[in-house]
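Numbering-wise, the sequence shown is residues 535 to 739 according to the working numbering.
Heads up, the beta-carbon is just placed ideally off N, CA and C, and yes, glycines get one too.
None of the values given here were measured: they were computed from a predicted structure.
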Amino acid sequence: YVAALILHPRYNWSWLKKKWSYRQDWLKAADYRIRALWKPYSTFPLPTTPRPRPPPRIEHQTDLLWSDSEDDGLDQETEQKDEYQAWIERAQQREIYRPLEYWTSNTTHAQWPRLSRLAIDIFTIPAMSDDPERTFSSAGLMVRPHRGQLNDSSVTETQCLKNWLKGDVVTMAVFASQMEEETTPIQGDDDDDEVAELPEVTMID
């Protein structure tokens, strides 16, 4: 509850402190818990993409004041700044109503690379347990005694694909097209009727 409110651009800490101003002890405990939740995310490694540098051009001696070394120092200072602390210090964005859509945008991810990972993990938690329970029941119906040789990966991938199809994440046409590409015989270099061996396909009754 606390993490979802703090990481929601429309609310943040300012809203929480206003609504719970009469429970300072609860606010302190909530602050401690959210910082403990943030701690492992704060050290996640970031992808290193070298910044392109323009060709050196020094026309005046004053240009030396803006050397690359000073620019690097500014970049390092920005990278080392705690994202969570910077987030709770910013103003509310009352025009944003969909926090997950906000955190999954490329712009937000570039600005908050570590904090966005925490936010996405928080906002993708199902509000109810109906979907996980349905998936569990569906997997139980799939793994029957005569399918005892199914491994964990097969069950996981099948249930994942089933949920994707149900949620329109992928369409059956796209999936069928992909399967057709993977199972199409590949003609050899020789001018004969031999074809490459097809990958082994496990058929599930």
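Next item on the list: Give the single residue among Y556, K552 and R569 whose Cα lies nearest to the Cα of L652.
Entry: Along the sequence shown, one-based indexing puts residue 652 at 118. Minimum Cα distance to L652 is reached at R569.
Notebook entry, point to check: Can you tell me where the alpha helix (DSSP H) with F657 in it begins and where it stops?
Noted result: Here residue 657 refers to the residue found at position 123 of the sequence shown. Its alpha helix (DSSP H) spans residues L649 to F657.
Item checked: C-alpha gap between L825 and A644, whole angstroms -> Residue 825 falls outside the range modelled here, since the chain spans only 535 to 739, and no answer is possible.
Item checked: Sequence-distant residues of the same chain with beta carbon closer than 8 angstroms to K615, five excluded per side -> Numbered from its first residue, the sequence shown carries residue 615 at position 81. If we look at K615 and ignore the five residues flanking it on each side, it has no Cβ neighbours.
Item checked: Neighbourhood of P660 by C-beta distance below 6 angstroms, restricted to the same chain and skipping five residues each side -> Position 126 of the sequence shown holds residue 660. There are no such residues.
Item checked: Terminal residues of the alpha helix (DSSP H) in which P633 lies -> On the sequence shown, position 99 is the one that residue 633 refers to. Here the alpha helix (DSSP H) through P633 covers P633 to W637.
Check: Would Y633 be called buried (16 or more neighbouring beta carbons within 10 Å of its own) or exposed?
Finding: Looking up residue 633 in the sequence shown gives position 99. The sequence as given places Pro at residue 633; Tyr does not occur at that position. So P633 counts as buried.
Note to self: Contact between the region 615-632 and the region 540-551 is defined here as three or more beta-carbon pairs at a separation below 8 angstroms; is this criterion met?
What the structure shows: yes
Checklist line | V536, DSSP secondary structure in three states | finding: Your numbering for residue 536 matches position 2 in the sequence shown. In the structure shown, V536 sits in a helix (DSSP, three-state: H, G or I).
Margin query: At the level of alpha carbons, what is the spacing between G674 and L695?
Written below: Here residue 674 refers to the residue found at position 140 of the sequence shown. Here residue 695 refers to the residue found at position 161 of the sequence shown. Rounded to whole angstroms, G674 to L695 spans 16 angstroms at the Cα level.
Checklist line | Backbone secondary structure at W744 - three-state DSSP | finding: In the structure as shown, the chain begins at 535 and stops at 739. Residue 744 is therefore absent and cannot be evaluated.
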